[in-house]
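Notes follow the structure.
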Amino acid sequence: MNLESKIVNYCDSLKYSSIDLNTREIGSHCLLDIIGVLLAGTRDPGVELLTKITAGWGGKPESRVLGRMLALPTPSTAMLNGAAARVLDFDDVGDSLGTHPSVAILPALLAIADSIDRPISREQFMTAYIAGIELSLRLSRARKETLLESGRYDLCKVIAATAAAGMLYGLTGERLHNALGIAYTSALGETQCMIDGASTVFYQQGLVASHAVKAVILADQGFTGAKQFLSGRWGYYSAFEPGSNLDSIIDELGTTFVLDPLIAFKPYPTCRPNTSAVALIKDMLNGQQIDINEIARIDVLTNQQIFDLVGSPVERKQVPQTVVEARFSLAYNIATVLRTGDLFIDDFTENAIRRKDIIDLSRKIYPSSAAECEIPELGTHGKIKIIIQFKDSTQLKGEVSYAKGNARNPMTLEELIDKFKKCVAYSQNAYIHTNTSAILDWILDRENHNPDYQILANALFQK
1 MNLESKIVNY CDSLKYSSID LNTREIGSHC LLDIIGVLLA GTRDPGVELL TKITAGWGGK
61 PESRVLGRML ALPTPSTAML NGAAARVLDF DDVGDSLGTH PSVAILPALL AIADSIDRPI
121 SREQFMTAYI AGIELSLRLS RARKETLLES GRYDLCKVIA ATAAAGMLYG LTGERLHNAL
181 GIAYTSALGE TQCMIDGAST VFYQQGLVAS HAVKAVILAD QGFTGAKQFL SGRWGYYSAF
241 EPGSNLDSII DELGTTFVLD PLIAFKPYPT CRPNTSAVAL IKDMLNGQQI DINEIARIDV
301 LTNQQIFDLV GSPVERKQVP QTVVEARFSL AYNIATVLRT GDLFIDDFTE NAIRRKDIID
361 LSRKIYPSSA AECEIPELGT HGKIKIIIQF KDSTQLKGEV SYAKGNARNP MTLEELIDKF
421 KKCVAYSQNA YIHTNTSAIL DWILDRENHN PDYQILANAL FQK
């Protein structure tokens, strides 16, 4: 049995009962986190624009868009859900890999679930969701180069999203295999948009979810795709990621889950290394006030990958010109938390990124790459060191390897619930606010009732 057939067999045979309790708990935390982040993202002006354009294209109202009184063709709904989930850069990540699993998996599942006319249990939904995250992490982990080294932004994610969506849709065997092959044809992802601060950062994530849905629907109707979409002569790893470790994809697949060591949650709505720097600054200050005017200079040391992403070019990152660029600026994020004491969604608006007091401080912040921050076991993230130099020649220093939200420095369930409620409040969605308790009850299912998905749908979608 080849690699691709083993993955299909994994999807066909995985049962909720075979998922260990710890992984189930992490899966429910991922779901809680991404739903809140998605709802908050619906208010973003870029997502509003994308929604206006997509709604103008029209089509059969097959599936409802979360957070809106709008139904569209299922692929279009998945795209808008995916864009909203990614736009704030507040979603879960594979910390050492730099990947964003849930933004591709959940939007496709929500669109599929809303389009099919049959009961879905919580266990069925969660099994597909967890399987998708697991495959996303394993496919990404196998690559020789990280996405920040190659610039190829997680092209394989669409295959994992298709696997999850296909499982929920009911595809098995040959049809699911074809769906994954079809998905490979639409593999996409580039990192230049992050460097340039472009809207395509979140648009491409929406496309991933949309292409996953299309692959499932096409395969269900008899369309075919490549059989060796991963391991073939021109399969994904040969064509795009030569030298990768394909054996690691199926190593203990179905018996051991990798969510626990790899999944991390963000306490702040910004690129992952920025969340590390912000949390480090708050730890360094430890609640104490400092005189910002007495700061002469701040040096931030990172590995090369992180410097290239959020530190370079230094002068441009000190004065970001777009909201997306601000989310990929170490200097702006550090300056904001030093000035305001916190960092939240409101710090990433067209007006907020032009606050003179913050930009003046940002101009004093100098990221650079350092060999001492290149820690192989930390992967993409590496170590981050901050040195605040004051005018009187005193210094304040700190460093972080495992940021808040990492499995080694986790956010508690209470912190994740608080984040969810803050995201719901930010969304200004009165219907969701009214149903917050019902949403939490379904996601966490503390009494193991295994409620029907329709209960969650009724709480999420206003009729």
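For the sequence shown, the working numbering begins at 1 and goes up steadily by one.
Heads up, the beta-carbon is just placed ideally off N, CA and C, and yes, glycines get one too.
Nothing here was measured: the structure is a model prediction, and the numbers come from that model.
Cβ shell of residue i (< 6 Å), same chain only, five flanking positions each side left out
i	result
residue 84	38, 41, 42, 47
residue 389	296, 297, 395
residue 31	443
residue 107	78, 81, 82, 85, 209
residue 71	61, 64
residue 114	63, 64
residue 276	384, 400, 403
residue 225	178, 181, 182
residue 202	83, 86, 87
residue 56	none
Residues near residue i in its chain [Cβ-Cβ closer than 7 Å; skip 5 each side]
i	result
residue 436	421, 424
residue 3	230, 231, 246, 249, 250
residue 371	none
residue 329	310, 317, 320
residue 269	88, 89, 90, 344, 345, 348
residue 69	462
residue 406	95, 264
residue 418	none
residue 211	158, 183, 186
CB-CB length for residue i against residue j, believed under 8 Å
i	j	result
residue 190	residue 153	5 Å
residue 300	residue 366	7 Å
residue 327	residue 271	6 Å
residue 346	residue 336	The pair is not a contact, with the Cβ atoms about 10 Å apart (cut-off 8 Å).
residue 260	residue 22	6 Å
residue 216	residue 239	The Cβ separation is near 23 Å, so there is no contact.
residue 416	residue 33	6 Å
residue 305	residue 172	Their Cβ separation, rounded to whole angstroms, is 39 Å, which puts residue 305 and residue 172 out of contact at 8 Å.
residue 399	residue 375	Contact doesn't hold; Cβ gap of about 11 Å is too wide.
residue 227	residue 177	7 Å
residue 324	residue 197	4 Å
residue 241	residue 144	6 Å
Continuous beta strand (DSSP E) stretch holding residue i: start and end
i	result
residue 396	395 to 400
Residues sharing a beta bridge with residue i, DSSP
i	result
residue 367	300
residue 385	301, 399
residue 71	64
residue 351	Bridge partners of residue 351: none, in fact.
residue 452	121
residue 190	152
residue 390	295
residue 93	264
residue 99	94
residue 333	Answer is none; residue 333 lacks a bridge partner.
residue 488	Because the chain in this structure spans residues 1 to 463, residue 488 falls outside the shown range and cannot be described.
Continuous alpha helix (DSSP H) stretch holding residue i: start and end
i	result
residue 53	45 to 57
residue 183	173 to 185
residue 23	21 to 41
residue 211	200 to 220
residue 234	No alpha helix (DSSP H) contains residue 234, which DSSP labels as neither H nor E.
residue 265	Residue 265 -> no alpha helix (DSSP H), and no H or E assigned at all.
residue 115	102 to 115
residue 254	Looking at the DSSP string, residue 254 is not in any alpha helix (DSSP H), and its letter there is neither H nor E.
residue 158	157 to 169
residue 467	Only positions 1 to 463 of the chain appear in the structure, and residue 467 is not among them; the question remains open.
residue 258	From DSSP, residue 258 is part of no alpha helix (DSSP H); its letter is neither H nor E.
residue 316	314 to 318
residue 430	430 to 434
residue 273	272 to 285
residue 356	356 to 362
residue 446	Residue 446 -> no alpha helix (DSSP H), and no H or E assigned at all.
residue 326	323 to 327
Contacting residues, own chain, Cβ-Cβ under 8 Å from residue i (five flanking each side not counted)
i	result
residue 109	125, 128, 129, 132, 164, 165, 168
residue 258	134, 137, 138, 141
residue 6	250, 253
residue 92	30, 33, 34, 100, 101, 102, 263, 264, 265, 266
Original post:
Contact between the segment 81 to 98 and the segment 204 to 216: three or more CB pairs below 8 Å?
Top reply: yes
Subject >> At least 3 beta-carbon pairs within less than 8 Å: the segment 310 to 327 vs the segment 251 to 264 >> reply: no
Original post:
How about the segment 452 to 462 and the segment 111 to 120: do they share at least three Cβ pairs that are nearer than 8 Å?
Top reply: yes
Original post:
Does the segment 281 to 289 come close enough to the segment 318 to 326 that 3 or more CB-CB pairs lie under 8 Å?
Top reply: no
Subject >> Meets three-Cβ-pair contact criterion under 8 Å: the segment 161 to 175 and the segment 45 to 65 >> reply: no
Subject >> Given 8 Å, three or more beta-carbon pairs between the segment 259 to 278 and the segment 86 to 103 >> reply: yes
**OP:** Answer yes if the segment 21 to 30 comes into contact with the segment 129 to 138, meaning at least three C-beta pairs across the two stretches below 8 Å, and no otherwise.
**Re:** yes
Subject >> Segment contact flag, the segment 368 to 386 with the segment 336 to 349, C-beta cutoff 8 Å, min 3 pairs >> reply: no
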